[in-house]
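Peer 1: One structure coming up, written as structure tokens, with questions to follow.
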Amino acid sequence: MKKLFIIDGNNYMHRAFHALPPLLSPDGKPVGALYGFARMMLRIMKKHKPDRVAVVFDSPGKNFRHSEYPAYKATRPEADESLVFQLKNMRSVTDGLGIASIAAPGYEADDLTASMAEKFKDDYDVFIVSADKDLCQLVDERVRIFNEPKVIGPGEVMEKYGVTPGRFRDWQALVGDKSDNIPGAAGIGPVGATALIAEYGSIENIYEKIDSVKESLRKKLIDSKEAVFLSKKLVTLLKDAPVPLDDEAMKPDIKPSDVAALAEKWGFSSLRNEYGAPDENVLKEELARFAYTDDLSFFKSCGEIAIHFIDGKKLNGIALAGGGKAAFADTSQTELDFGGGDPCKKVLAEIFANPAVKIISDDSKRVYSYCLQERIDVKSGIEDISLMGYVIDSQPRQDIARLSSKYLGREIPRLALGEPPLLQKGEIPR
157 MKKLFIIDGN NYMHRAFHAL PPLLSPDGKP VGALYGFARM MLRIMKKHKP
207 DRVAVVFDSP GKNFRHSEYP AYKATRPEAD ESLVFQLKNM RSVTDGLGIA
257 SIAAPGYEAD DLTASMAEKF KDDYDVFIVS ADKDLCQLVD ERVRIFNEPK
307 VIGPGEVMEK YGVTPGRFRD WQALVGDKSD NIPGAAGIGP VGATALIAEY
357 GSIENIYEKI DSVKESLRKK LIDSKEAVFL SKKLVTLLKD APVPLDDEAM
407 KPDIKPSDVA ALAEKWGFSS LRNEYGAPDE NVLKEELARF AYTDDLSFFK
457 SCGEIAIHFI DGKKLNGIAL AGGGKAAFAD TSQTELDFGG GDPCKKVLAE
507 IFANPAVKII SDDSKRVYSY CLQERIDVKS GIEDISLMGY VIDSQPRQDI
557 ARLSSKYLGR EIPRLALGEP PLLQKGEIPR
């Protein structure tokens, strides 16, 4: 049977927020949780390939549980401001990924999950993607919880809690929930609650037969009766919440161009590189501004030269641009030689020895390392654009691809080391 994944969006956002270091977008907005959430969604889609998927979110504000019990969730600490900002923008991720999402004022995400599972379980194997134990009450032969790598069915609920999914609400009503400020029965913990449900089946039956409950528990139950029944009402998930999604709307529709646009919006450079392949024609137009040359000695007369080292396990190549010309030496297989019998080292030594030359690099440390290794005396000035970028914004990684995207609006492709197809002689427009 086809698979429907109902994903607990808030749960995954919180997990991403606490799992990843703080990240900022190019304009300084916190995006670490949004990035982690996007990555999690893409991994789920790629690895498990659900036929239908929907992400459920909590809505801001109060719901019927607050009306029943004003202290509901009152003990929770204030959320971090950066997380609050990202929670407000999490639907931009699902929209950008082409994944359906749903939220409804007055309802919690768990209520929407329960209602969706009830609505679609006759047509799909339903997997609730979450780590929230409150959802155990929904588990049956057609509805399971998926907390990767675990799949939680009726047997797993019974094994962990000692009660069936159908009695999980009664177990919760006795135990309570500190995180949601649900009181439960004072003095009765998980072990005692499991024993009571195993013997009596439900809290209603416990109180009907309260005289038969052993004395050590009887007084606790009597004193907590009102709180226990209130707790059961609070933990019970609604199965009739509005679910405007239909079968067609839940079809995943991940388009690389949309993912690239999402990545561009929030500054997810790795996603942009993966899904936003650059247009080679545009890149060739940019390169057309430079004439390819085999003669490295040309650069001796340039006052300003851009140099980029392409590294792998060893030096794979050196690219230079200046004076309207560009050159590239593939050093992965051959010795450095730009033609005409003029060794690269000799020419570079002359360039670096000239104090009138300004070298522009994205990694001055690598330049100095090469010169030290080759015993080249450096007298030219070196301007490091990565260090400049770091001075402006110390948070994100300041590599050449990010700097180009941020300040020039140009995407640099990840060319295979030693095989730069757009820099090979004869391929650059003259």
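In this text, residue positions in the sequence shown follow my numbering: the first is 157, and each later residue adds one. The beta carbon of each residue, even a glycine, is placed where N, CA and C say it ideally should be.
How far does the alpha helix (DSSP H) with residue 378 in it reach, from first residue to last?
Peer 2: Where residue 378 is concerned, the enclosing alpha helix (DSSP H) stretches over 371 to 379.
Peer 1: Can you check which of these residues, 206, 413, 275, 389, is closest to residue 223 by C-alpha distance?
Peer 2: Checking every option, the nearest Cα to that of residue 223 belongs to 389.
Peer 1: Helix, strand or coil: how does DSSP classify residue 181 here?
Peer 2: Coil, per DSSP.
Peer 1: Determine, using beta carbons only, whether residue 339 and residue 387 come nearer to each other than 7 Å.
Peer 2: Yes, they are a contact pair.
Peer 1: Within 10 angstroms of the Cβ of residue 285, are there 16 or more other Cβ atoms? Answer buried if so, exposed if not.
Peer 2: By the neighbour-count rule (16 or more Cβ atoms within 10 Å), residue 285 is buried.
Peer 1: Using the C-alpha atoms, what's the distance from residue 179 back to residue 555?
Peer 2: The alpha-carbon atoms of residue 555 and residue 179 are separated by roughly 15 Å.
Peer 1: Based on the DSSP secondary-structure assignment, which residues constitute the bridge partners of residue 160?
Peer 2: Residue 160 pairs with 208, 282.
Peer 1: With burial defined as no fewer than 16 other Cβ atoms inside 10 Å of the residue's Cβ, what is the status of residue 231: buried or exposed?
Peer 2: Its Cβ having fewer than 16 others within 10 Å, residue 231 is exposed.
Peer 1: Using only CA atoms, which one of 465, 462, 471, 481 lies nearest to residue 454?
Peer 2: Comparing Cα positions, the closest option is 481.
Peer 1: Let me know the beta strand (DSSP E) ranges lying completely inside the stretch 261 to 344, each 3 residues or longer, listed in chain order.
Peer 2: For the stretch 261 to 344, whole beta strand (DSSP E) runs of length 3 or above, ordered along the chain, are 281 to 285, 299 to 303, 306 to 308.
Peer 1: Is there contact between the stretch 246 to 254 and the stretch 190 to 202, where contact requires at least three CB pairs shorter than 8 Å?
Peer 2: Result yes; three or more Cβ-Cβ pairs closer than 8 Å.
Peer 1: Here's a check: name, in chain order, each residue in its chain whose Cβ is nearer than 7 Å to the Cβ of residue 291, leaving out the five neighbours to either side.
Peer 2: Excluding residues within five positions, the ones whose Cβ falls inside 7 Å are 266, 269, 284, 301.
Peer 1: Taking the straight line between their C-alpha atoms, what separation do you get for residue 211 and residue 414?
Peer 2: Each residue's Cα considered, the two are about 18 Å apart.
Peer 1: For residue 313, collect the residues of the same chain with a Cβ closer than 6 Å to its Cβ; drop the 5 residues on either side in sequence, then sort them by chain order.
Peer 2: Taken in chain order, the residues that qualify are 292, 295, 321.
Peer 1: Start and end of the alpha helix (DSSP H) containing residue 348?
Peer 2: Note, residue 348: alpha helix (DSSP H), 346 to 356.
Peer 1: Expressed to the nearest angstrom, what Euclidean distance is found between the alpha-carbon atoms of residue 503 and residue 543?
Peer 2: If I take the Cα positions, the gap works out to 26 Å.
Peer 1: Going by beta carbon distance, what residues of the same chain come within less than 7 Å of residue 190, once the five residues before and after it are set aside?
Peer 2: So the qualifying residues of the chain are 242, 245, 246, 249, 422.
Peer 1: Using 8 Å for Cβ pairs, my map puts residue 362 next to residue 352. What's the rounded Cβ distance?
Peer 2: Between residue 352 and residue 362 the Cβ distance is about 6 Å, and since that is below 8 Å, they are a contact.
Peer 1: Give me the DSSP bridge partner(s) of residue 214.
Peer 2: None, per the DSSP bridge assignment.
Peer 1: Give every residue of the same chain whose Cβ lies closer than 7 Å to the Cβ of residue 229, excluding the five residues on either side of it in the sequence, and list them in chain order.
Peer 2: Hits under 7 Å: 336, 337.
Peer 1: For residue 540, which residues does DSSP report across the bridge?
Peer 2: Its beta-bridge partners are 517.
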